[in-house]
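Step one of this worksheet: look at the structure below.
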Amino acid sequence: MKLDRYLLIAFVAVGLVLPLFGDTFFLMKVYCFALFACAFNLLVGYAGLLAFGHAAFFGAASYVSAFALKSWGWPMEVAIIASVISSAALGLVFGAIAIRRTGIYFAMITLALSQIIYFMAVQLPFTQGEDGIHGVPRPPLLGFINVSSDEQLYYFVLAVFVFGFLAIYRIVHSPFGHTMRSIRDNETRAISLGYDTQHYKLGVFVLSAAIAGLAGGTKAAVVQLASLTDVHFQMSGEVILMVIVGGVGTLWGPVIGAALIVAMHDYLASIGEWMIVIQGLLFLAVVQFFRRGIMGELLALLSRIGLRKGTDKNEATTGETLA
Amino acid sequence: MIFGYPIQLIMGQVLIGLINGSLYAMMSLGLAVIFGVLRVVNFAHGAQYMMGAFVALMLWQWLGVGYWPALVLVPIIMAIVGIVLERLFLRRLYHIDHMYGLLATYALALIIEGTFRKFFGAAGTAYPNPLPGGINLGFMFLPWYRGWVVVVSVVICAATWFAIERTRLGALLRAATENPVMVRAFGLNVPLIITVTYGFGVALAAFAGVIAAPIQNVSPQMGSHVIAVIFAVVVIGGMGSILGAIVAGFLLGIVEGLTKVFYPEGSSIVIFLVMILVLSLRPAGMFGRPT
Numbered sequence: 001m002k003l004d005r006y007l008l009i010a011f012v013a014v015g016l017v018l019p020l021f022g023d024t025f026f027l028m029k030v031y032c033f034a035l036f037a038c039a040f041n042l043l044v045g046y047a048g049l050l051a052f053g054h055a056a057f058f059g060a061a062s063y064v065s066a067f068a069l070k071s072w073g074w075p076m077e078v079a080i081i082a083s084v085i086s087s088a089a090l091g092l093v094f095g096a097i098a099i100r101r102t103g104i105y106f107a108m109i110t111l112a113l114s115q116i117i118y119f120m121a122v123q124l125p126f127t128q129g130e131d132g133i134h135g136v137p138r139p140p141l142l143g144f145i146n147v148s149s150d151e152q153l154y155y156f157v158l159a160v161f162v163f164g165f166l167a168i169y170r171i172v173h174s175p176f177g178h179t180m181r182s183i184r185d186n187e188t189r190a191i192s193l194g195y196d197t198q199h200y201k202l203g204v205f206v207l208s209a210a211i212a213g214l215a216g217g218t219k220a221a222v223v224q225l226a227s228l229t230d231v232h233f234q235m236s237g238e239v240i241l242m243v244i245v246g247g248v249g250t251l252w253g254p255v256i257g258a259a260l261i262v263a264m265h266d267y268l269a270s271i272g273e274w275m276i277v278i279q280g281l282l283f284l285a286v287v288q289f290f291r292r293g294i295m296g297e298l299l300a301l302l303s304r305i306g307l308r309k310g311t312d313k314n315e316a317t318t319g320e321t322l323a
Numbered sequence: 001m002i003f004g005y006p007i008q009l010i011m012g013q014v015l016i017g018l019i020n021g022s023l024y025a026m027m028s029l030g031l032a033v034i035f036g037v038l039r040v041v042n043f044a045h046g047a048q049y050m051m052g053a054f055v056a057l058m059l060w061q062w063l064g065v066g067y068w069p070a071l072v073l074v075p076i077i078m079a080i081v082g083i084v085l086e087r088l089f090l091r092r093l094y095h096i097d098h099m100y101g102l103l104a105t106y107a108l109a110l111i112i113e114g115t116f117r118k119f120f121g122a123a124g125t126a127y128p129n130p131l132p133g134g135i136n137l138g139f140m141f142l143p144w145y146r147g148w149v150v151v152v153s154v155v156i157c158a159a160t161w162f163a164i165e166r167t168r169l170g171a172l173l174r175a176a177t178e179n180p181v182m183v184r185a186f187g188l189n190v191p192l193i194i195t196v197t198y199g200f201g202v203a204l205a206a207f208a209g210v211i212a213a214p215i216q217n218v219s220p221q222m223g224s225h226v227i228a229v230i231f232a233v234v235v236i237g238g239m240g241s242i243l244g245a246i247v248a249g250f251l252l253g254i255v256e257g258l259t260k261v262f263y264p265e266g267s268s269i270v271i272f273l274v275m276i277l278v279l280s281l282r283p284a285g286m287f288g289r290p291t
C-alpha cells in the first residue's frame with residue numbers, strides 16, 4: 001500500500017510538469033476518462049457488479065454541468081458539484097432497481113435503464129437533441145481564479161482527478177471497502193455474517209455513480225460540449241474496455257486503460273469508421289487472451305519473478321471470474 | 001372514437017406495435033434459446049439481425065435472389081456464420097465468468113456494425129416489398145405484408161416453443177442445460193448441441209432481419225437500435241423462459257404502439273419503464289422462476 005502512495009506522489013509530480021511538454025487538452029481528457037474508469041472499476045472490480053449503463057451517470061452529469069454553466073451562468077465549482085449530486089441521485093434510483101438482480105441480469109438491467117437517459121437526452125428540449133450543448137463557457141473558479149485557457153484549467157482538472165482517485169482509494173481501504181470485497185467474493189457468507197449486502201451494494205453503486213458524475217461534469221467544462229455520445233451505450237462499453245484493458249480490480253489499471261483508449265481516439269481519428277472495429281478487436285483480444293489486463297499481467301509477472309510476495313488481498317482474482 | 005382518438009389511428013398503431021412485437025418476440029426468443037443452453041447473453045444478437053437484413057439485400061442486389069428464397073437461405077447462411085463465431089470465440093469462455101461471454105459478443109457486435117458501416121455507409125437502403133397492396137377491413141387498412149409478418153412470426157414462435165418444450169430433441173436440449181456432465185455420460189455430444197443451438201439462435205435473429213427488411217430501412221445501426229429494447233423484453237418476460245420471451249415480445253410491441261397514440265414522446269422509453277415496474281413487482285420477470 002506504501003507503493004500506491006509513492007506512485008500517486010510520482011503521478012502528481014509528473015502531472016505538474018507535463019504541461020511543459022505535452023498537449024494539455026489531451027491530458028485533461030485523459031484525467032476525466034481515467035476518473036470515469038476508476039469510478040466504474042470501484043463497482044466492477046471491488047464490488048463485483050458489472051454494469052453496462054455507466055454512460056447514464058457520466059452523460060447526465062455532463063449535460064447538467066454544461067447547462068448550468070451555459071444557460072444559468074453558474075460558477076464552475078457549483079456546476080460540477082450540481083452534476084455530482086444529480087448523478088448520485090440518479091445512481092440511487094437506478095441502483096435500487098438494478099441490485100434486485102445480480103450477474104448478467106444486472107448488466108442487462110443497467111443497460112436498459114441507461115437507455116431511458118439516452119432517449120431523454122434525445123428528446124428533452126434543454127439538451128438540444130442531436131447538436132448537444134455547444135460552447136460551454138469556463139467561468140473563473142471560486143469567482144477569481146481564471147481557468148479559461150487550457151493551460152489554466154489543466155491544474156484544476158488534475159486536482160479533480162487526484163481528489164476523485166483519493167476518494168476511491170479511501171473507500172477501497174475503509175471498513176466499508178472490506179465488506180464490499182467480502183460481498184464480491186462470497187455474498188452468501190457475508191449475509192450469514194449479518195451484513196445487509198443490499199445496502200452495501202446500493203452504497204457502492206451510488207458512490208460509483210457520483211464519481212462518474214464528477215468525471216462527466218468536469219469533462220463538459222474541458223471539452224466545452226455535452227452531446228449524445230456521452231450518454232450512448234457505446235460509452236458504457238468504452239469504459240468497460242478501459243477498465244479491462246488496464247486491469248479489473250487494480251488501482252492503476254483503469255488509469256492506464258483510459259489513457260490508452262483516449263490516445264487511440266486522438267491518434268486514430270483519421271481512420272473514421274474503422275475506429276469502432278479496432279475497438280471491437282481490442283475488446284475481443286483482451287477478453288480472449290489477457291483477461292487480467294495490463295496492470296494485472298504486470299503484477300502477475302512481478303510475483304512470478306519473486307519481486308512481489310503472493311497476491312494482494314485487495315485485488316480481484318481476475319482471470320477466472322470477472323471481478 | 002376511443003378516449004377521443006379516432007379508431008383508425010389506434011388500430012393503425014396497434015398494428016405497427018404488433019409488427020414490432022413480432023420482431024421483438026422472434027429476437028428475444030433467439031436470445032432466450034441461446035441463454036438457456038449457453039448461459040451467454042448474446043450481445044451480438046442485434047448485429048446478427050442487421051446482418052440478416054443485409055444478406056437478404058445483397059442476395060437481391062448482387063445475385064437477383066428474391067425475398068422468398070432469402071427467407072430460407074439467409075437463416076441458413078447466418079446459422080453457419082453463428083457456428084463459426086461460436087467455435088472461434090465463445091467456446092473458450094464457457095468455463096469462466098459468464099460476463100466474458102457478454103463482453104465477447106459485445107465486441108463482435110462492434111466489429112460487425114463497424115465493418116458494415118464502413119462498406120455500406122450509415123444512410124441505409126430500402127428493400128422492395130414482396131407483397132404490395134392490402135385489404136380494407138372497414139375500421140382500418142391492412143397491408144398484406146404486415147399481416148404476413150404477424151402470421152409468420154406467430155408460427156415460428158409457436159414452432160420453436162413446441163420443439164423445445166414438447167419434443168424429444170427439446171428435452172435433450174433442456175437436459176444438456178440442466179446437467180451437461182450427466183448428458184455427456186449418456187454418450188451425447190454436448191459441445192455439438194451447444195454449437196448447433198447458437199447457430200439456431202443466430203438464424204432466428206437473421207430470420208427476423210429478413211422479415212424486417214421490407215418494412216424498415218436496412219442500415220448498419222438497425223441492430224444496435226433494437227438490442228437494448230430486446231434485453232428489456234427478455235428481462236420482463238423472465239430470462240431463460242421461452243414462453244416469457246414470446247409473450248413479452250408481442251405484448252410490449254403493442255404497449256409501445258399504444259403509447260405512440262396517447263403519449264408519443266414516451267414511446268421510446270415506455271418498454272424500459274415497464275421493465276422497472278415488472279422488476280419491482282416480480283424481480284424474476286413475468287414467467288421467470290425466482291433464483
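As you go down the protein sequences, you meet chains F and H in turn.
For the first sequence, the working numbering gives the first residue as 1, with consecutive numbering after it.
For the second sequence, the working numbering gives the first residue as 1, with consecutive numbering after it.
Note that the Cβ used here is the ideal one computed from N, Cα and C, for glycine as well.
No experiment lies behind these values; they were computed from the predicted model shown.
Have a look at F:228, F:244, F:65 and flag the residue whose alpha-carbon is nearest the alpha-carbon of residue 139 of chain F.
-> Among F:228, F:244, F:65, the Cα nearest to that of residue 139 of chain F belongs to F:65.
Which residues in chain F sit within 8 Å of residue 268 of chain H, going by Cβ to Cβ distance?
-> Correct list: 119, 122, 123.
For a contact meaning CB atoms closer than 7 Å, what does residue 231 of chain H contact in chain F?
-> Per Cβ cutoff of 7 Å: 108, 111, 112.
Identify the continuous beta strand (DSSP E) that holds residue 186 of chain F and give its terminal residues.
-> Segment: none, residue 186 of chain F is in no beta strand (DSSP E) and carries neither H nor E.
Would residue 196 of chain H pass as a contact of residue 180 of chain H if the rule is Cβ separation under 7 Å?
-> Taking 7 Å as the Cβ cut-off, residue 196 of chain H and residue 180 of chain H do not qualify as a contacting pair.
Rounded separation between residue 102 of chain F and residue 284 of chain H - CA only = When the Cα atoms are used, residue 102 of chain F and residue 284 of chain H turn out to be separated by approximately 11 Å.
Is the CB-CB distance between residue 223 of chain H and residue 47 of chain H below 7 Å?
-> Taking 7 Å as the Cβ cut-off, residue 223 of chain H and residue 47 of chain H qualify as a contacting pair.
Would you call residue 106 of chain H buried or exposed, if buried means 16 or more other Cβ atoms sit within 10 Å of its Cβ?
-> Around the beta carbon of residue 106 of chain H, a 10 Å sphere encloses 16 or more other beta carbons of the protein chains shown; the residue is thus reported as buried.
Between the beta-carbon of residue 75 of chain H and the beta-carbon of residue 262 of chain H, is there less than 7 Å?
-> Taking a C-beta distance under 7 Å as the contact criterion, residue 75 of chain H and residue 262 of chain H do not qualify as a contact pair.
Beta-carbon neighbours of residue 105 of chain F, restricted to chain H and to distances below 8 Å | Using a Cβ-Cβ cut-off of 8 Å, residue 105 of chain F is close to 235, 239 of chain H, given in chain order.
Alpha carbon of residue 129 of chain F to alpha carbon of residue 264 of chain F, nearest angstrom | Residue 129 of chain F and residue 264 of chain F: Cα-Cα distance of roughly 27 Å.
Distance, Cα to Cα, residue 47 of chain F vs residue 200 of chain F?
-> A direct Cα-Cα distance of roughly 9 Å separates residue 47 of chain F from residue 200 of chain F.
Using a Cβ-Cβ distance under 7 Å, would residue 69 of chain H count as near chain F?
-> Taking Cβ atoms only, chain F never reaches closer than 7 Å to residue 69 of chain H, which makes this a no.
Is the beta carbon of residue 53 of chain F sitting closer than 7 Å to the one on residue 111 of chain F?
-> Cβ distance < 7 Å, so residue 53 of chain F and residue 111 of chain F count as in contact.
Between residue 181 of chain F and chain H, is there a C-beta pair that is closer than 7 Å?
-> Closer than 7 Å to the CB of residue 181 of chain F there is not a single CB belonging to chain H.
Which residues in the same chain have their Cβ closer than 6 Å to the Cβ of residue 113 of chain F, if we skip the five residues on either side of it in sequence?
-> Once the five neighbours on either side are set aside, the close Cβ partners of residue 113 of chain F are 53, 94.
Which of helix, strand or coil DSSP assigns to residue 215 of chain F = Secondary structure at residue 215 of chain F: helix, using DSSP grouped into helix, strand and coil.
Would you identify the three-state DSSP class for residue 314 of chain F, choosing helix, strand or coil?
-> With a pLDDT of 46 at residue 314 of chain F, under the threshold of 50, the modelled position of that residue is not reliable, and the figure given next carries that caveat. Assigned with DSSP and collapsed to three states, residue 314 of chain F falls in coil, not helix or strand.
Opposite residue 200 of chain F in the DSSP bridges: which residues?
-> Answer by DSSP bridge pairing: none, since residue 200 of chain F is not bridged.
Is any beta-carbon of chain H found at less than 7 Å from that of residue 311 of chain F?
-> Bear in mind that the predicted position of residue 311 of chain F carries a pLDDT of just 49, short of 50, making it unreliable; the figure below should be weighed with that in mind. Chain H contact via Cβ: absent.
Report the residue from F:215, F:21, F:258, F:32 whose alpha carbon sits nearest the alpha carbon of residue 83 of chain F.
-> Shortest Cα-Cα distance from residue 83 of chain F to any of F:215, F:21, F:258, F:32 involves F:215.
So the beta strand (DSSP E) residue 133 of chain H belongs to, where does it begin and stop?
-> It is not in any beta strand (DSSP E) - residue 133 of chain H carries neither H nor E in the DSSP assignment.
Is it buried or exposed for residue 131 of chain F, if we count other Cβ within 10 angstroms and need 16 for buried?
-> With fewer than 16 Cβ atoms within 10 Å of its Cβ, residue 131 of chain F is classed as exposed.
Report the three-state DSSP secondary structure of residue 179 of chain F (helix, strand or coil).
-> Assigned with DSSP and collapsed to three states, residue 179 of chain F falls in helix.
For residue 300 of chain H, which option in H:177, H:178, H:50 has the closest C-alpha, if you only look at C-alpha atoms?
-> Chain H is shown only over 1 to 291; residue 300 of chain H falls outside these bounds and no answer can be derived.
Can you find a CB in chain H that lies within less than 7 Å of the CB of residue 317 of chain F?
-> Caution is warranted here: a pLDDT of 46 is assigned to residue 317 of chain F, below 50, making its placement in the model unreliable, and the coordinate value is therefore given only provisionally. Not closer than 7 Å to any Cβ of chain H, the Cβ of residue 317 of chain F fails to qualify, so no.
Chain F within 7 Å of residue 265 of chain H, Cβ atoms only = Cβ-Cβ to chain F under 7 Å: yes for residue 265 of chain H.
Using the Cα positions of residue 158 of chain F and residue 123 of chain H, report the straight-line distance between them to the nearest angstrom.
-> Approximately 41 Å between the Cα atoms of the pair.
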